[in-house]
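K.L.:
4 protein chains.
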Amino acid sequence: MSKPGQRVLAELRKLIASGELAAGERIVEIPTAERLQVSRMPVRIALRTLEQEGLLCKTGRGYRVRAVTREDIAGAVEVRGVLEGLAARQAAERGLSAEARATLEECLAEGDRLFANGQVLLEELERYQRMNMRFHRTIIEASGNPAIAVALARNDHLPFASVSALAVDRDNLEQEFRRFNFAHMQHHAVVDALVNGQGARAEAIMREHANATLRYADYFDPARQGVTVLHGDVAAD
Amino acid sequence: MSKPGQRVLAELRKLIASGELAAGERIVEIPTAERLQVSRMPVRIALRTLEQEGLLCKTGRGYRVRAVTREDIAGAVEVRGVLEGLAARQAAERGLSAEARATLEECLAEGDRLFANGQVLLEELERYQRMNMRFHRTIIEASGNPAIAVALARNDHLPFASVSALAVDRDNLEQEFRRFNFAHMQHHAVVDALVNGQGARAEAIMREHANATLRYADYFDPARQGVTVLHGDVAAD
Amino acid sequence: MSKPGQRVLAELRKLIASGELAAGERIVEIPTAERLQVSRMPVRIALRTLEQEGLLCKTGRGYRVRAVTREDIAGAVEVRGVLEGLAARQAAERGLSAEARATLEECLAEGDRLFANGQVLLEELERYQRMNMRFHRTIIEASGNPAIAVALARNDHLPFASVSALAVDRDNLEQEFRRFNFAHMQHHAVVDALVNGQGARAEAIMREHANATLRYADYFDPARQGVTVLHGDVAAD
Amino acid sequence: MSKPGQRVLAELRKLIASGELAAGERIVEIPTAERLQVSRMPVRIALRTLEQEGLLCKTGRGYRVRAVTREDIAGAVEVRGVLEGLAARQAAERGLSAEARATLEECLAEGDRLFANGQVLLEELERYQRMNMRFHRTIIEASGNPAIAVALARNDHLPFASVSALAVDRDNLEQEFRRFNFAHMQHHAVVDALVNGQGARAEAIMREHANATLRYADYFDPARQGVTVLHGDVAAD
């Protein structure tokens, strides 16, 4: 896909994931092209792609944002969990390369620095999120099993299913600190398992860790307000 | 996709999976259309689809059959294992519907009849294979998680990764009896787990069961000859 | 414990496991000593040991055989499953010694010979049972974790919970062939996993395999008659 | 066992677990009785019990503290992990009673209060430890499988293997806050799984959680000093 095409696709995914384009809303080519200041062609291609991914559905002349239920998301998070769990298991069984190990340990150290003073700021969570995506990508590559990335690519397009979308409650950063510290300690535990060749353990931690993006947020306040979605660079994923 | 398009796609997949179209072989539109007695358009679309699936790669003017390594297949079988395992776990946790349970028990009874006299014939294995595909499809649907079927669809196109392709050693049906009996007893065990709400157990059996299509065949004779591939109706999958 | 003491203990365990000494039945020192043709002292010690194990309960002057429910047995089989599963996982993660691997492969070959002609005789199942106990013992030792054997020792005293007691339906050896072939194919699969360093897979197979002694027997005929219990040399366990 | 006998046993276990009675040290009846201000009989019985548990070994006239290696402890922690994991799985599959659920939620709320202000004090960790033991005991009972507690009882006597011994680095309570918050978030996750009937998930979390007592402490500082062991009421366990 062309550069502008990829940018348009990433923009539209964010607008849908954030709810700015709400379920049921109509999306038409020309106004969208004007809004994003691009020509019609990349918009047309992006809309067709989003339809294939299940985020849009075709109506008479245009598209509508498909309603994504909580069950849809939960199901896709389970799928991500077993696939990333498989990656961690296979990475542990093959043994980590020195390079992969160094990358993972850098990610741990970066997270430890972020959490060292007992609190986090919203802008720090953006750094956390970039580190987080690097961490996950490293494990998927370390599996040596290309079929995992293929299956994940299909699954990741659902909003919140991907590790690249991270919901943050900006009104309650004390609790978010505890939640992100939990997720980061899971990173520590999975690296411990990978380094020591404990495949079953690495798999179990990674499967559970898939719940960190969304589900853990409910432990404190199921009806929370003020949620911001941090996106990694989706197009580069 | 059009009816003829689907038929062409299914035919080409079989020719590749069976090795009649070997790795490296060139595939060109016109002779392929003549061979399958269809027009060029459905062939063109099918070839593009097979390229996206990773079975063909583009060369100057046409396509070549991509070499699929043993590692590629093993990786895709692992992916199938964790996805079908997830389906079985979620089916057990939700509880089976009366209809799903009846279908699974019919499949068990049909297999028991096939194996009751202590041997199998090649044509019986074809019946087994249809029953087998019905069994797997029922569990995936019973999960209530549509993201599983989506992820599997992408994975199943690799030869031997799918439950729809079953390798049989026609020169050694005594040993094949023991192997298929093993696979069928795993079906018994997974239904036992599903009916009794044992999700972890159902998942573990189903994951291991993914090895039945190919890996178990090596336990008797790693360098075997005379292997036939039984295909379910791939297009209807 | 003295030699006669061990023999008395093994004899009494068999009589309880086989039901010859039924739940609720009184057991008194002197007649038991006469029946087994030993002096009273080894009987007294054995009865006290069986009380600690939960097979007998103390009454006024003697003991009674404690009723063991199906749930008690199922619970102990689950415990055995997770402990043997852990042993297999740790054995795979450490890597098998050449000696352990050779022993396991001998066990596989012996089972393959027994099943090669498509049927089994009762006396062959006794050989199977000795091989089976050797197989399990080898994996527990290969774990390098002595805490597993300690925890198993306590659990194994419940009738049918131990791998050393194997229920066989002598009136239906065709079906028993299919059941034992299933158990033996699980042995093949677990060795495949151990040899290839697949810890999670080895654990999952071994956990499920704990159901082979009793639960699988129900798949054919829940209300079966004519069950014989084959015992390995319990005292030597 | 008599009240003084239980007290003596608990005292001696603590002295061994804390290292005050070091590996190799001789323990003789009379001085021990004087030190603990009891008569010789409860000391004699306690020493024999500790020998059976593997904490002491018999020498000529008395006992010595057996050397417990890091591998011994790691092995026993693995055993505890699979047994508590099994308990959580079976509790999820049966469904929690209203009473068990209320107890677990009380434990979560108590921990949340302890961690709410972003730090912990040593005396608060003692409260945490009592809550922690109650939490674990509730899950083991909720399994409905008495064989689990029997197998755990044997395993728990090794120092640090039991949930009743908790190592705390009193010089570094900021890091300990992060570690205990991790353990407590695992409690949240396991209750979430139990309440929603997710047996495989509950098992996986509980297995990993066994590492919280000791292993996680190494993530920050492998060669740490100043470790205090908090004991629950061991005798009442």
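Protein chains in written order, with this note's numbering: chain W, 1 to 237; chain U, 1 to 237; chain E, 1 to 237; chain H, 1 to 237.
We put the beta carbon where it would ideally sit given N, CA and C, even for glycine.
My output table needs one value for W/L104: the three-state DSSP class, helix, strand or coil.
P.N.:
Your numbering for residue 104 of chain W matches position 104 in the first sequence. Helix at W/L104.
K.L.:
Anything in chain U within Cβ reach of H/A200, meaning under 7 Å, just list it in chain order.
P.N.:
In the fourth sequence, the residue the question calls residue 200 of chain H occupies position 200. What H/A200 touches in chain U: R89, G199, A200, E203.
K.L.:
Compile a chain-ordered list of the residues in the segment 144 to 155 of chain H whose CB is closer than 7 Å to at least one CB of chain E.
P.N.:
Listed by position along the chain: N145, P146, A147, I148, V150, A151, R154, N155.
K.L.:
Could you check what DSSP says for E/V65 in three-state terms: helix, strand or coil?
P.N.:
Counted from its first residue, the third sequence places residue 65 of chain E at position 65. Residue state, collapsed to three classes: strand.
K.L.:
As an exercise, report each continuous beta strand (DSSP E) stretch of at least 3 residues that is fully enclosed by the segment 1 to 64 of chain E, in chain order.
P.N.:
Whole beta strand (DSSP E) segments, 3+ residues: 56 to 58.
K.L.:
When the Cα atoms are used, what is the spatial distance from W/V274 to W/E29?
P.N.:
Any property of residue 274 of chain W remains undetermined from this structure, which presents chain W solely from 1 to 237.
K.L.:
Using a Cβ-Cβ cut-off of 6 Å (strictly less than) and excluding sequence neighbours within five positions of W/E25, which residues of its own chain qualify?
P.N.:
The residue you call residue 25 of chain W lines up with position 25 of the first sequence. These residues qualify, in order along the chain: V65.
K.L.:
Under 8 Å, with one C-beta from each stretch per pair, do the segment 171 to 189 of chain E and the segment 98 to 112 of chain H reach the 3-pair mark?
P.N.:
The answer is no - the segment 98 to 112 of chain H does not touch the segment 171 to 189 of chain E, with fewer than three Cβ pairs under 8 Å.
K.L.:
By the DSSP assignment, the alpha helix (DSSP H) with E/N155 in it spans what residues?
P.N.:
Taking the first residue of the third sequence as position 1, residue 155 of chain E is located at position 155. Note, E/N155: alpha helix (DSSP H), 146 to 155.
K.L.:
When you check each C-beta in the segment 60 to 80 of chain H against every C-beta of chain E, which residues fall closer than 7 Å?
P.N.:
The segment 60 to 80 of chain H vs chain E, Cβ under 7 Å: G75, A76, E78, V79.
K.L.:
From E/A204 to U/R7, what does the alpha carbon distance come to, in whole angstroms?
P.N.:
By 1-based counting over the third sequence, the position of residue 204 of chain E is 204. By 1-based counting over the second sequence, the position of residue 7 of chain U is 7. Rounded to whole angstroms, E/A204 to U/R7 spans 40 Å at the Cα level.
K.L.:
Of the choices H/N211, H/A189, H/L194, whose alpha-carbon is the least far from that of W/H209?
P.N.:
Mapped onto the first sequence, residue 209 of chain W falls at position 209. The option with the nearest alpha carbon to W/H209 is H/A189.
K.L.:
Whose Cβ in chain H lies nearer than 8 Å to the Cβ of W/R178?
P.N.:
Within the first sequence, numbered from 1, the residue matching residue 178 of chain W stands at position 178. The contacting residues are F115, N181, M185.
K.L.:
Should W/N132 be labelled buried (16 or more other beta-carbon atoms within 10 Å of its own) or exposed?
P.N.:
The residue you call residue 132 of chain W lines up with position 132 of the first sequence. Label assigned to W/N132: buried.
K.L.:
For W/K3, tell me which candidate among W/I16, W/V43, W/S18 has the shortest Cα-Cα distance.
P.N.:
Translated into the one-based positions of the first sequence, residue 3 of chain W becomes position 3. For the residues W/I16, W/V43, W/S18, the minimum Cα distance to W/K3 belongs to W/V43.
K.L.:
Taking buried to mean at least 16 other C-beta atoms within 10 Å of its own C-beta, is W/R113 buried or exposed?
P.N.:
Locating residue 113 of chain W in the first sequence gives position 113, counting from the first residue. That one is exposed.
K.L.:
Under 8 Å, with one C-beta from each stretch per pair, do the segment 141 to 150 of chain W and the segment 81 to 91 of chain W reach the 3-pair mark?
P.N.:
Taking 8 Å as the limit for Cβ pairs, the verdict is that the segment 81 to 91 of chain W does touch the segment 141 to 150 of chain W.
K.L.:
Below 8 Å on C-beta distance, what does W/V82 contact in chain U?
P.N.:
The sequence position of residue 82 of chain W within the first sequence is 82, counting from 1. Simply V82, L83, G85, L86.
K.L.:
What do you reckon, are the CB atoms on H/L9 and H/A46 nearer than 8 Å?
P.N.:
Locating residue 9 of chain H in the fourth sequence gives position 9, counting from the first residue. Locating residue 46 of chain H in the fourth sequence gives position 46, counting from the first residue. Yes, the Cβ-Cβ distance between H/L9 and H/A46 is below 8 Å.
K.L.:
In whole angstroms, give me the CA-to-CA distance for W/G144 and W/G60.
P.N.:
If you number the first sequence from 1, residue 144 of chain W lands on position 144. If you number the first sequence from 1, residue 60 of chain W lands on position 60. Their backbone Cα atoms lie some 45 Å apart in a straight line.
K.L.:
Which chain W residues are close to H/G118, counting only those with a beta carbon under 8 Å from its beta carbon?
P.N.:
Looking up residue 118 of chain H in the fourth sequence gives position 118. Those within 8 Å of H/G118 in chain W are G118, Q119, E174, F177.
K.L.:
Kindly say whether H/E11, judged by its beta-carbon, lies nearer than 8 Å to any beta-carbon of chain W.
P.N.:
Along the fourth sequence, one-based indexing puts residue 11 of chain H at 11. Judged by the 8 Å Cβ criterion, H/E11 is not in contact with chain W.
K.L.:
Sorted by chain position, which residues of the same chain lie with C-beta nearer than 7 Å to H/G5's C-beta, five sequence neighbours on each side aside?
P.N.:
Position 5 of the fourth sequence, counting from 1, holds the residue named residue 5 of chain H. Only P42, I45, A46 meet the Cβ criterion.
K.L.:
Have a look at H/L122 and E/A23 and give me their C-alpha separation to the nearest angstrom.
P.N.:
Residue mapping note: residue 122 of chain H aligns to position 122 of the fourth sequence, counting from 1. Residue mapping note: residue 23 of chain E aligns to position 23 of the third sequence, counting from 1. Their Cα atoms are separated by approximately 52 Å.
K.L.:
Check each candidate in U/G81, U/A116, U/V120, U/F135 and name the one with the smallest Cα separation from U/A102.
P.N.:
Taking the first residue of the second sequence as position 1, residue 102 of chain U is located at position 102. The shortest C-alpha separation from U/A102 is found at U/F135.
K.L.:
Return the chain-ordered list of same chain residues with a C-beta closer than 8 Å to the C-beta of U/R211, the five sequence neighbours on each side being excluded.
P.N.:
As a working note, residue 211 of chain U is residue 211 in the second sequence. The question names Arg, yet the displayed sequence has Asn at residue 211 of chain U. Counting only Cβ-Cβ distances below 8 Å, and skipping sequence neighbours, we find V77, G81.
K.L.:
Give me, in chain order, the residues of the same chain whose beta-carbon lies closer than 6 Å to that of E/R224; leave out the 5 immediate sequence neighbours on both sides.
P.N.:
In the third sequence, the residue the question calls residue 224 of chain E occupies position 224. At E/R224, the pLDDT of 42 sits below 50, so the modelled position is not reliable and the matter cannot be decided from this model.
K.L.:
Would E/D156 be called buried (16 or more neighbouring beta carbons within 10 Å of its own) or exposed?
P.N.:
As a working note, residue 156 of chain E is residue 156 in the third sequence. The residue is buried, with at least 16 neighbouring Cβ atoms inside 10 Å.
K.L.:
Which residues in the same chain as W/V120 place their Cβ atom closer than 7 Å to its Cβ, once the five residues preceding and following it in sequence are excluded?
P.N.:
Walking along the first sequence from the start, residue 120 of chain W turns up at place 120. Answer for W/V120: L114, L173, E176, F177, F180, listed in chain order.
K.L.:
Around the Cβ of E/R201, are there at least 16 other Cβ atoms within 10 angstroms (buried) or fewer (exposed)?
P.N.:
For the purposes of this step, residue 201 of chain E is identified with residue 201 of the third sequence, where counting begins at 1. The residue in question, E/R201, is buried, as its Cβ has 16 or more Cβ neighbours within 10 Å.
K.L.:
Reducing DSSP to helix, strand and coil, say where E/D171 ends up.
P.N.:
Position 171 of the third sequence, counting from 1, holds the residue named residue 171 of chain E. Here E/D171 sits in coil by DSSP.
K.L.:
Note the first and the last residue of the continuous alpha helix (DSSP H) segment covering E/T138.
P.N.:
By 1-based counting over the third sequence, the position of residue 138 of chain E is 138. Taken as a continuous stretch (DSSP letters only), the alpha helix (DSSP H) holding E/T138 covers 122 to 142.
K.L.:
For U/A92, does the three-state DSSP call read helix, strand or coil?
P.N.:
Counting from one through the second sequence, the residue named residue 92 of chain U turns up at place 92. In this structure, U/A92 counts as helix in the three-state DSSP scheme.
K.L.:
Distance, Cα to Cα, W/M206 vs U/G118?
P.N.:
The residue labelled residue 206 of chain W in the question sits at position 206 within the first sequence. The residue labelled residue 118 of chain U in the question sits at position 118 within the second sequence. Spanning the two alpha carbons is a distance of roughly 44 Å.
K.L.:
Run down chain E in chain order and give the residues with a C-beta less than 7 Å from the C-beta of U/R207.
P.N.:
As a first step, residue 207 of chain U is located in the second sequence; it is residue number 207 there, counting from the start. Chain E residues near U/R207: A204.
K.L.:
To the nearest angstrom, report how far apart W/E99 and W/R127 are at their CA atoms.
P.N.:
Here residue 99 of chain W refers to the residue found at position 99 when the first sequence is read from its first residue. Here residue 127 of chain W refers to the residue found at position 127 when the first sequence is read from its first residue. For W/E99 and W/R127, the distance between alpha carbons rounds to 22 Å.
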